[in-house]
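Per my numbering, residue 1376 is the first one in the sequence shown, and the count goes up by one each step.
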Amino acid sequence: MYLPPEWPAEVRPPSVPDWETSAVAWLLDAVPPDYRAYEVLKRHPIALARMAIHHVNADVEAARAGYRSAAVDLKGRLPPHAVEAVLDVYRQEGPRLVRLARSIAVVEQALRGDMFTATMRHHR
1376 MYLPPEWPAE
1386 VRPPSVPDWE
1396 TSAVAWLLDA
1406 VPPDYRAYEV
1416 LKRHPIALAR
1426 MAIHHVNADV
1436 EAARAGYRSA
1446 AVDLKGRLPP
1456 HAVEAVLDVY
1466 RQEGPRLVRL
1476 ARSIAVVEQA
1486 LRGDMFTATM
1496 RHHR
């Protein structure tokens, strides 16, 4: 079975029985811990995936806004090397969050029952 490159290693392939259990556990790790208290999200993984997508996309936007304003917000409050270190955190977290959002999207696709197909690439 083909899995897209964005498929998270922590989630078993959809071809494996009860794979959704690993998907739910992984999705719960992507959202705030308080989400674990809602049984509806465990019973309906598609709803959990939708909420996770919205949450992580909001995190991406927050990281972008934080990056844009960090130098000004922290100037004079932190030494220059610490400001640069904070910017480095944003430079690492932003792309990580974007990758996470893509992984959540492919897991949601599988939860909906969509099958993945490898696209052939033509080489010239």
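The C-beta atom is built at its ideal place from N, Cα and C for all residues, glycine as well. On a predicted model such as this, the values are computed, not experimentally measured, just so you know.
In the DSSP assignment, tryptophan 1401 falls within the alpha helix (DSSP H) that extends over 1394-1405. Taking C-beta atoms as the reference points, glutamate 1381 and arginine 1487 fail to come closer than 8 Å. Under the DSSP assignment, aspartate 1409 falls outside any alpha helix (DSSP H); it carries neither an H nor an E label.
For leucine 1453, the three-state secondary structure derived from DSSP is strand. Looking from the CA of proline 1420, the closest CA among Asp1409, Leu1403, Pro1408 belongs to Leu1403. Cβ-Cβ distances below 8 Å link leucine 1449 to Ala1457, Val1458, Val1461 in the same chain, with the five nearest sequence neighbours on each side left out; the list follows chain order.
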